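Line order of the protein sequences matches chains A and B.
So for the first sequence, my numbering puts the first residue at 307; every next one is plus one.
So for the second sequence, my numbering puts the first residue at 3; every next one is plus one.
Below you'll find the structure, written out as structure tokens, and then a few comments.
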Amino acid sequence: MDVPTLRRAASMVVVGLGGLLWLAAILFMAQTAQHSEQFSRLHPWILMINIAGLVVLVGLLFTKLAQLVRDWRGHVIGSRLKARMVWIFGVLATLPILLVYFFAVQFLNRGIDSWFNVEIRQSLDDALVLSRSALETRMREHLEATEVVAEQLAATGGTSAVLLEGLRRQAGALEITVATESGAIVAVSKGLSSEVVPEEVPGEVLLQVRQGRPFVSLEPQAAGGYLVRTAVSFGGTAPGRGRLVVQAMYPVAERIAALADTLQATYQQFGEKDYLRRPLKASFILTLTVVLLLSLLAAWYGAIFTAQKLVQPIQDLVKGTRAVAQGDLDTRLPLTSHDEMGFLVHSFNDMTKRLRSAREDQQRAQQAAETERANLAIILARLSTGVVSLEPDLRVRTANRAATTILGEDLEACVGRSLAGLGTPDGLLRQFVEACRSRIAAGDLEWREQFTFQAGPSRRILMCACTPLPGEAEGELPGGFVLVFDDITVMLQAQREAAWGEVARRLAHEIKNPLTPIRLSAERMRHKLLPSMNEKDAQLLDRGTETIVQQVEAMKEMVNAFSEYARAPRFEMADVNLNQLVREVTDLYRAQVAGRGVQLVVDLEPRVATVVADRGRLRQLLNNLLTNAVEALEGQPDGSITVATRLAERNGEEAVEIEVEDNGPGFQRELIGQVFDPYVTTKPRGTGLGLAIVLKIVEEHGGHVEADNRAEGGARVRIELPLNETTRAQAANREPRRPEPRRERA
Amino acid sequence: MSNSRHASRSKSLASRGLRAAWLLCFLATTAAPAFADTRLQVASASVAVDDGVFELDARLDLEIPEAGRRAIEAGLTLELDYRVEIARVRRYLPDDEVASLVQNYELSFHALSQRYLLRNLNTGEQQDFGTLQAALDRLAEVRGLPLLDATLLEPGATYEFRVRAALNLRTAPDTLGWLLFWTDDWSATSEWFAWTYRR
């Protein structure tokens, strides 16, 4: 058993014992009217015990009522219901008790008064007077007889025993005593039934007789019965004697004595009760009042106790409900009974148990989902593929880092925003969004497509797939979409480069080798046949062989260019003073361009430090760029070429920038995204490998290159090379376009 | 009676306490006649040797209030007890009680005969009086009450005689005795009246 249960049990035992003691005291007090002597002593103590119980009960009741008032004012849960129940119970108990008390008091007052009503008192008084009258008649007769005795004694003048005995018998007296007025006994005559010692004449008798008045009285006897005492005086005859007193004692008949005793006892008892009437009423009313107050207070206390017992489970339920509402599902209510309220408490406990179990299951599932979500987030974050999930109304739900990287704008900051309107006009994100929206708006919910977008100067190729998310119910609208896309520009570039590398290798292998025998054969034919031929044929042979040799040389140059493109790099990385290198290369071109009327401007940033690079490759890069610029300005007056170096910053890393621009016709708009592809050229004699090799060298150094047209006209190529060796190495190793080293066969 | 002490009236403290509590609680609604004091004290007492027996003569100063007189006339019984104690006085030790005696008297009114009956409950002797005062006068006087044989007291020793009287009221049958708790209390007990006697 827990502590509250033990406390409740102890309280019930104490209250039960107190109640029994109180009941015993009440019953004990109620018996006081029936058992006398012992109760006469215990009566006040019993009353005091009841009063003490009353005081204790009053204290308890006031404590409970004060608590109830405090609860009411404090808006404690259940206090109002409890107060109402206490009020109803109390009133229901008080009204009948007060009613019974009122009638009981009335009954007591009237009942006790009726015991002592005038008729009974008068009857008893009358009976007493009647009895006394009857006895007084006899007493007078006895007095007369005594007077006769006195007259005869006075007449005879003697008090001899014989005379006195005769007179006694004649008068019917039990005893006749003759005494002097001072009380000295002169003669006595006694019957056999009288005591041996003669009855002396009492002082009051002598006093009355001396006053000349005869004395007669009825005297109750200690042994029971009555005697009539009479006394008269008479004149003495003996010389020297004064007046004498004769006292005669007469018996009262037993029957009359018995009746007199009965009447006396009744009268005395009635007198006692009449005297004690008011205390009797007060005591009864007091007893009744004490019982009433005890019952009343006990009823109110019981009302509070009962209300508390009834309200307690409700209070517990309310507290428990609040606790559950606040998320405390460990709440358990004490099961105090097995009635309907107990069933309710049991149901509540069962409900909280089930709720807790369900919440634990949900928490486990949520935890698993969170784990999955975290894993998925990690995967998505590490994924190089862009993943964007959309709400059914095409608001961005999630976006991974790769999506931001590919599309060039912070998509994670766009979570919650509608897909429409995202990105800047003509930006990559806007083009991507519009492409996807148009497909979804067309009702194509699941698709896969390769998009080509023009993002500024560069062309971007994205492979995008859209998959609808399952809706809440089967057959309903999708719960959203997932866009998965990847930037395959570099991959396609690499594939193209690989393909062209293979082409170059085959060209070098299949074409270059036969060129030398062709040229040697042509020269041999010319050398052997030319002298022996006529002039006309000789001229024909000479032109023919000359053409063969020139074309073979042209093809050889082309094959060498292919060979250079496909050649595997042999890096000799070292510190290169970029400004100095630029100055050296431009100096070589300065005389050439000056002859064509082209101005070559070199704008070098003095703070540009040395870069770690392959000096020869960088020289080739600059040669290719300057060659392109010079060829672009061919035939154009006032041509201008500017070569500049600057300090730059890319992705938080320091870099150097090389910019070569001219004021020629610039790149064709439709080819501007493909200028770094091999064999893409607008020049009649170009191989289309110049910028492709530039791109290759830049990527080998972990740099970045872009080409576009200047707003004022002309082309511009901008190259960024990282200054940090680590960044350069990482960027170079990340480069996907080197599946295998390509080696140009000589 | 060389060293006599004057006695004074006293009441039972316990009874007074209880009654006071009750008065505070409830007696406002009960019949509570005006409290009237009873005077009871031993006015004089002496012993004399008569025929080899110590006999007591004593007189009380007894005054019953009017309420008590009415109660007796209504039928209640008055009890008066004389308690006599004889103790040997020792110098360094507590007194040694030699003898004690209680003499009980009962006074009631006989309505039929209009006589007041005074009974000696020890001897059964009964006397009747025409007036209550005569009965009370007789009750207040003790003459020649034999106490003990003179030979029981050692010659040369000093003895202390003590007399005390107690007055009480009771109902003739005890059925309603408990109600006397609610009546005016005129019961009383006197202080000890004591004197030394050198044998």
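Cβ coordinates follow ideal geometry from the N, Cα and C atoms, glycine included.
This structure is a prediction, so every number in the text was calculated from the model and none was measured.
Over what stretch of residues does the alpha helix (DSSP H) that includes residue i continue unbroken?
i, result
"asparagine 655(A)", "646 to 688"
"tyrosine 532(A)", "Run containing tyrosine 532(A): none in the alpha helix (DSSP H); it sits in the beta strand (DSSP E), 532 to 540."
"arginine 956(A)", "Note, arginine 956(A): premise wrong, no alpha helix (DSSP H); beta strand (DSSP E) at 945 to 956."
"arginine 92(B)", "Counting along the chain, arginine 92(B) falls outside any alpha helix (DSSP H), and DSSP gives it neither H nor E."
Find out if the Cβ-Cβ distance for the pair residue i, residue j is shorter than 8 Å.
i, j, result
"leucine 171(B)", "serine 189(B)", "yes"
"alanine 726(A)", "leucine 717(A)", "no"
"lysine 587(A)", "asparagine 415(A)", "yes"
"arginine 61(B)", "alanine 45(B)", "yes"
"valine 207(B)", "arginine 85(B)", "Residue 207(B) cannot be examined here, being either before or after the span of chain B that is shown, 3 to 201."
"threonine 400(A)", "leucine 602(A)", "yes"
"alanine 537(A)", "valine 511(A)", "yes"
"arginine 164(B)", "phenylalanine 195(B)", "yes"
"valine 858(A)", "leucine 813(A)", "no"
"threonine 851(A)", "methionine 831(A)", "yes"
"alanine 493(A)", "threonine 462(A)", "no"
"arginine 896(A)", "leucine 906(A)", "yes"
Assign residue i to one of three DSSP states: helix, strand, or coil.
i, result
"proline 784(A)", "coil"
"arginine 902(A)", "coil"
"alanine 38(B)", "Here the model assigns alanine 38(B) a pLDDT of 47, short of 50, so the residue's position is not dependable and the matter cannot be decided."
"phenylalanine 422(A)", "coil"
"tryptophan 197(B)", "strand"
"threonine 1032(A)", "helix"
"valine 319(A)", "helix"
"alanine 9(B)", "Summary for alanine 9(B): the model assigns pLDDT 35, below 50, so the residue's position carries little reliability, and this model does not support an answer."
"methionine 769(A)", "strand"
"valine 694(A)", "strand"
"methionine 445(A)", "helix"
"alanine 33(B)", "Low per-residue confidence applies at alanine 33(B): pLDDT is 37, beneath 50, and the placement is therefore not dependable, though the value from the model is reported in the following sentence. Of the three classes helix, strand and coil, the one that applies to alanine 33(B) here is coil, per DSSP."
"arginine 386(A)", "helix"
"leucine 25(B)", "With a pLDDT of 47 at leucine 25(B), under the threshold of 50, the modelled position of that residue is not reliable, and the figure given next carries that caveat. In this structure, leucine 25(B) counts as helix in the three-state DSSP scheme."
"leucine 430(A)", "helix"
"asparagine 866(A)", "helix"
"threonine 311(A)", "helix"
"valine 86(B)", "strand"
"arginine 164(B)", "strand"
"threonine 483(A)", "strand"
"aspartate 792(A)", "strand"
What residue range is occupied by the uninterrupted beta strand (DSSP E) comprising residue i?
i, result
"alanine 880(A)", "879 to 883"
"aspartate 52(B)", "41 to 52"
"glutamine 756(A)", "753 to 761"
"valine 552(A)", "550 to 557"
"histidine 815(A)", "Careful: histidine 815(A) lies outside any beta strand (DSSP E) and carries neither H nor E."
"phenylalanine 982(A)", "Per DSSP, phenylalanine 982(A) belongs to no beta strand (DSSP E) and is neither H nor E."
Quick one, which of the options has its alpha-carbon nearest residue i's?
i, options, result
"proline 67(B)", "Leu120(B), Val86(B), Asp39(B)", "Asp39(B)"
"aspartate 732(A)", "Cys720(A), Val721(A), Leu713(A)", "Leu713(A)"
"cysteine 529(A)", "Val721(A), Gln618(A), Pro508(A), Asp567(A)", "Here the sequence assigns alanine to residue 529(A), which means cysteine is not the residue at that position. Among Val721(A), Gln618(A), Pro508(A), Asp567(A), the Cα nearest to that of alanine 529(A) is on Asp567(A)."
"isoleucine 964(A)", "Leu327(A), Ala880(A), Val888(A)", "Val888(A)"
"alanine 76(B)", "Ala900(A), Gly577(A), Val949(A)", "Gly577(A)"
"leucine 1063(A)", "Arg913(A), Pro912(A), Ile1003(A)", "The structure shown does not extend to residue 1063(A), since chain A is modelled only from 307 through 1052, so no value can be given for it."
"phenylalanine 590(A)", "Ala860(A), Glu863(A), Pro837(A), Asp419(A)", "Asp419(A)"
"threonine 160(B)", "Asp59(B), Ala89(B), Leu80(B), Arg71(B)", "Ala89(B)"
"aspartate 98(B)", "Glu162(B), Arg201(B), Asp53(B)", "Glu162(B)"
"glycine 497(A)", "Thr572(A), Glu481(A), Ile562(A)", "Glu481(A)"
Would the region 100 to 116 of chain B count as touching the region 425 to 445 of chain A if we require 3 or more Cβ pairs under 8 Å?
yes
Cβ contact check for the region 813 to 832 of chain A and the region 726 to 746 of chain A: 3 or more pairs under 8 Å
no
Contact between the region 1008 to 1016 of chain A and the region 754 to 774 of chain A: three or more CB pairs below 8 Å?
yes
Taking contact to mean at least 3 C-beta pairs separated by less than 8 Å, is the region 975 to 984 of chain A in contact with the region 930 to 942 of chain A?
no
Would the region 618 to 635 of chain A count as touching the region 389 to 400 of chain A if we require 3 or more Cβ pairs under 8 Å?
no
Segment contact, 8 Å Cβ cut-off, at least three pairs: the region 676 to 696 of chain A with the region 782 to 792 of chain A:
yes
Touching or not, the region 881 to 900 of chain A and the region 915 to 933 of chain A, by the rule of three or more beta carbon pairs under 8 Å?
yes
Quick one: any contact between the region 957 to 972 of chain A and the region 1019 to 1032 of chain A, if contact means 3 or more CB pairs under 8 Å?
yes
contact_flag[the region 462 to 472 of chain A, the region 437 to 452 of chain A] where n(CB pairs < 8 Å) is 3 or more:
no
If contact is defined by three or more beta carbon pairs under 8 Å, each pair taking one atom from either stretch, is the region 596 to 616 of chain A in contact with the region 383 to 394 of chain A?
yes
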